[in-house]
Amino acid sequence: MSSKIDASQHRPEDPALAAIYDYWNTHTLGLQYATDRSLTPGSREFFDHIRQWMNPYKFPWIMTRIDRESRLLKGKHLLEIGCGMGYDSLEFLKRGVRVTATDLTPNAVKMARRHFELENVQAEDVRVETVLDLSFPDNTFDAVWANGVVHATGDTPRALREIRRVLKPGGRAIISHFYRKPSWMYSLKQIPGVNIEFDEEDPPVNDFLTEQEVEAMFAGYEIIETEREHHRLLPVCRSGVKAFLYNYGLKPFYNIIPEGLAKRFAYKYSVTAIKK
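For the sequence shown, counting from 1, position 210 maps to 203 in our numbering; every step adds exactly one.
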């Protein structure tokens, strides 16, 4: 497995898809939580710093889901779509699941490879792939894990069809998550110029769908679980008035809302389904 990746070989020709690629190649998921800018990207301290925010504090359901799925998939082959820096794949590997980790962008793949090297774990492969056109044969994987990916691809139905294609019959699609409407995030996104996830620029595409629209896309699957996901808001790298409003206004207010009430307005919706 080569450590060198030529970004020019992977950039899509389609302008809309190229914009998505360019964004995520410079905004690898997790960087928004790297609030200590003194740390060297790719160092153990850097990965540990981000880990304290990502799991389990912000996303407790992810660790619960990884534990559950790992018990079912130990020794089996899981494909991760959009691995980012490799945090989720790392947890599966530690639990005895065989993992092929993929991401749209070379920068993410480089970071994931470095992360696995530091943690002394070995994936089956770590490579650049787009979920809209996967290179794997039909019926390859026992499970596909996609955390915070398919809603940002520019073609959610196509992504789900490709996931189904590479799954073995009876294979599990664990999709965490879709962006849900109505929700508080959807309402904020209607305000021009408001960035939620990153300081200077949010992703070029974030599909917001109703729960009914999401479930209608799972043709050829049997849906076995759905869940609205609520999480704490965390400090992120912002500046000026935005930093004040977010860190001292929205964040503390939202984090004291009772769990049951917050889930009514949660903006994340997850689906676990089995390929028929």
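Even for Gly, the Cβ is constructed at its ideal location relative to N, Cα and C.
On a predicted model such as this, the values are computed, not experimentally measured, just so you know.
Three-state secondary structure (DSSP) at residue i?
| i | result |
| --- | --- |
| Lys(-3) | For Lys(-3), the predicted model reports a pLDDT of 49, less than 50, meaning its position is unreliable; a value from the coordinates is still stated below. In this structure, Lys(-3) counts as coil in the three-state DSSP scheme. |
| Val124 | coil |
| Tyr260 | coil |
| Ile249 | coil |
| Phe129 | coil |
| Leu24 | helix |
| Ala139 | strand |
| His144 | helix |
| Pro5 | coil |
| Val114 | coil |
Identify which residue in the options has its Cα closest to the Cα of residue i.
| i | options | result |
| --- | --- | --- |
| His132 | Val159, Leu153, Gly141 and Thr95 | The sequence as given places Asn at residue 132; His does not occur at that position. The candidate whose alpha carbon is nearest that of Asn132 is Val159. |
| Ile43 | Ala139, Thr57, Thr28 and Pro53 | Thr28 |
| Arg173 | Asn140, Leu66, Gly89 and Ser263 | Ser263 |
| Cys166 | Asn100, Gly242 and Lys269 | Strictly speaking, residue 166 in this sequence is Ala, with Cys absent from that position. Cα-wise, what sits closest to Ala166 is Lys269. |
| Cys76 | Gln205, Gly23 and Tyr239 | Gly23 |
| Ala212 | Lys161, His170, Ile267 and Gly242 | Ile267 |
| Tyr16 | Asn100, Glu117 and Ala259 | Asn100 |
| Glu62 | Gly164, Ala116, Phe39 and Gly141 | Gly164 |
| Val102 | Ser169, Leu71, His3 and Asp7 | His3 |
| Ile168 | Gln205, Trp46, Ile216 and Glu117 | Ile216 |
| Gly68 | Gly141, Glu117 and Glu208 | Glu117 |
| Tyr214 | Phe52, Gln25, Thr265 and Leu71 | Thr265 |
| His223 | Glu206, Phe52 and Ser31 | Phe52 |
| Lys256 | Pro245, Gly242, Arg221 and Tyr239 | Arg221 |
| Gly79 | Asp96, Glu206 and Asn18 | Asp96 |
Per the DSSP calculation, residue i is bridged to which residue(s)?
| i | result |
| --- | --- |
| Ser31 | DSSP, once it has assigned bridges, lists no residue as partnering Ser31. |
| Lys268 | Tyr214 |
| Tyr172 | Phe201 and Lys261 |
| Leu160 | Phe134 |
| Val207 | Its beta-bridge partners do not exist; DSSP assigns none. |
| Ala328 | Absent from the structure is residue 328, since the part of the chain shown begins at -6 and ends at 269. |
### Message
My parser needs the beta strand (DSSP E) runs of 3 or more residues fully inside the region 54 to 97; what are they?
### Response
70 to 74 and 91 to 96
### Task
Determine contact between the region 21 to 35 and the region 99 to 109, defined as no fewer than three beta-carbon pairs at a distance below 8 Å.
yes
### Task
Spell out a yes or no on whether the region 193 to 210 and the region 242 to 258 are touching, meaning 3 or more CB-CB pairs, one atom from each, closer than 8 Å.
no
### Message
With three or more beta-carbon pairs closer than 8 Å as the criterion, would you say the region 137 to 144 touches the region 112 to 123?
### Response
no
### Query
Counting pairs of Cβ atoms below 8 Å between the region 124 to 131 and the region 144 to 160, do you hit three or more?
yes
### Task
Check whether the region 78 to 94 touches the region 1 to 12, taking contact to mean three or more Cβ pairs, one atom from each stretch, closer than 8 Å.
no
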